[in-house]
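*Asks:*
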Amino acid sequence: MADTVINNKNLLPVAGIHRRFNIHQNIVSISTVVTLVAICAWFFTAFSSVHVVDLGSGNNLKVSGLREQWLRGDVVVMIRHAERCDRSTNPCMASAEGITLKGRDAALAVGAGLQKMGLARARLVASPKVRTQQTAELLAGHAVPAQEWITECDSGFMKAVQAHKVSGENLVLITHSGCIDQFERKVGVPGGERSSDYAEAFFVQMDGSHLPKVIGSLNVEQWANLNSEQFN
């Protein structure tokens, strides 16, 4: 009997060690699974996200296919209004509700770029806000129709754009950063890339047969460097 008790006493620590070892193994297994899930999620996000190509960098504009899609009338361009005066110390072009003189120069540069692209198969529409109307008129060289839906920067903005896109006609929207952000969200652009500077343009292929496809973006300085040969 004594030997049995002694043996049992000797076995108790061993059983405890086994339990602790099993618990440790379980913790390691759970940690491994969590790590693998995190890695898989990162890879899925990295490779499934839609990235906004800088069309002004290198030969990105040439390889993007923008020229061909523009000639077919399969492009939507969302252009944020130029620098707003009520959020700047720069002199206003007119009223404080509009854009600055710096913004005026930027809008003229973008307008010159649009002219080089060719507006024969393009329709321009602007938000009715003063800053977007001023920007649009400078872009086009004339008054641009105002439509209220372009100010509705919510989750339904992309569907609204699709509804107003006419087959075979490029659509140029002079709108707001919030609207561009909503569109980018819908097509899967990650948070770190969802941004639009004053007068920056966001190009999307929209042919009516496929889901909208992001082509890329151009900022003010890049618009100024465009040449007609790139679109002819």
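Quick note: the sequence shown uses full-length UniProt numbering, first residue 1, plus one each step. The beta-carbon is built from N, C-alpha and C at its ideal position, and this holds for glycine as well.
Whole angstroms are fine: how far does the CA of L171 sit from the CA of E83?
*Replies:* As a position in the sequence shown, residue 83 is number 83, starting the count at 1. As a position in the sequence shown, residue 171 is number 171, starting the count at 1. Roughly 22 Å separates the two Cα atoms.
*Asks:* Considering Cα atoms alone, identify which of R185, G178, Q134 and L226 is closest to V214.
*Replies:* By one-based count along the sequence shown, residue 214 stands at place 214. The option with the nearest alpha carbon to V214 is R185.
*Asks:* Is the stretch 188-197 close to the stretch 137-144, with three or more CB pairs under 8 Å?
*Replies:* Cβ pair count under 8 Å is below three, so no.
*Asks:* Just to confirm the assignment, what range does the beta strand (DSSP E) spanning A136 have?
*Replies:* Mapped onto the sequence shown, residue 136 falls at position 136. Run containing A136: none in the beta strand (DSSP E); it sits in the alpha helix (DSSP H), V130 to A140.
*Asks:* When you compare only the Cα positions, how much space is there between V63 and D181?
*Replies:* One-based indexing of the sequence shown puts residue 63 at position 63. One-based indexing of the sequence shown puts residue 181 at position 181. Their backbone Cα atoms lie some 25 Å apart in a straight line.
*Asks:* Excluding the 5 residues preceding and the 5 following G168 in the sequence, name in chain order all residues of the same chain whose CB lies nearer than 6 Å to its CB.
*Replies:* Sequence index remark: in the sequence shown, residue 168 carries index 168 (1-based). Correct list, in chain order: G73.
*Asks:* Would you kindly work out how many angstroms separate the C-alpha atoms of N90 and V52, rounded to a whole number?
*Replies:* Here residue 90 refers to the residue found at position 90 when the sequence shown is read from its first residue. Here residue 52 refers to the residue found at position 52 when the sequence shown is read from its first residue. Between N90 and V52, the C-alpha separation is close to 30 Å.
*Asks:* With DSSP as the reference, label Q182 as helix, strand or coil.
*Replies:* Here residue 182 is taken as the residue at index 182 of the sequence shown, counted from 1. Looking at Q182 - three-state DSSP - the assignment turns out to be helix.
*Asks:* Check whether the stretch 146-166 touches the stretch 116-135, taking contact to mean three or more Cβ pairs, one atom from each stretch, closer than 8 Å.
*Replies:* Yes: at least three Cβ pairs fall under 8 Å.
*Asks:* I'd like to know whether the C-beta atoms of V77 and A201 end up nearer to each other than 8 Å.
*Replies:* Position 77 of the sequence shown, counted from the start, is the residue given in the question as residue 77. Position 201 of the sequence shown, counted from the start, is the residue given in the question as residue 201. In this structure, A201 lies closer than 8 Å to V77 by Cβ.
*Asks:* Buried or exposed, going by whether 16 or more other CB atoms sit within 10 Å of the CB of H176?
*Replies:* Stepping through the sequence shown from its first residue, residue 176 is reached at position 176. By the 10 Å Cβ count, H176 comes out buried.
*Asks:* Do V110 and I79 come within 8 Å of each other at the CB atom, strictly closer than that value?
*Replies:* Numbered from its first residue, the sequence shown carries residue 79 at position 79. Numbered from its first residue, the sequence shown carries residue 110 at position 110. Yes, these two residues count as a Cβ contact at 8 Å.
*Asks:* For G216 and D54, I'd like the C-alpha separation in whole angstroms.
*Replies:* As a working note, residue 216 is residue 216 in the sequence shown. As a working note, residue 54 is residue 54 in the sequence shown. Rounded to whole angstroms, G216 to D54 spans 6 Å at the Cα level.
*Asks:* If the criterion is Cβ atoms closer than 8 Å, does the pair V75 and F203 meet it?
*Replies:* Translated into the one-based positions of the sequence shown, residue 75 becomes position 75. Translated into the one-based positions of the sequence shown, residue 203 becomes position 203. Yes, the Cβ-Cβ distance between V75 and F203 is below 8 Å.
*Asks:* May I ask you to list the residues that DSSP assigns as paired with R123?
*Replies:* What you label residue 123 is simply residue 123 of the sequence shown in a count that begins at 1. Partner(s): L171.
*Asks:* Using the rule of at least 16 other Cβ atoms within 10 Å of the residue's Cβ for burial, across every protein chain shown, is A94 buried or exposed?
*Replies:* Counted from its first residue, the sequence shown places residue 94 at position 94. A94 is exposed by the Cβ-count criterion.
*Asks:* So, using beta-carbon positions, are M206 and Q162 closer together than 8 Å?
*Replies:* Looking up residue 206 in the sequence shown gives position 206. Looking up residue 162 in the sequence shown gives position 162. It is a contact, given that the beta carbons lie within the stated cut-off.
*Asks:* What span of residues does the beta strand (DSSP E) with M78 cover, start to end?
*Replies:* Locating residue 78 in the sequence shown gives position 78, where the first residue counts as 1. Unbroken beta strand (DSSP E) run through M78: V75 to R80.
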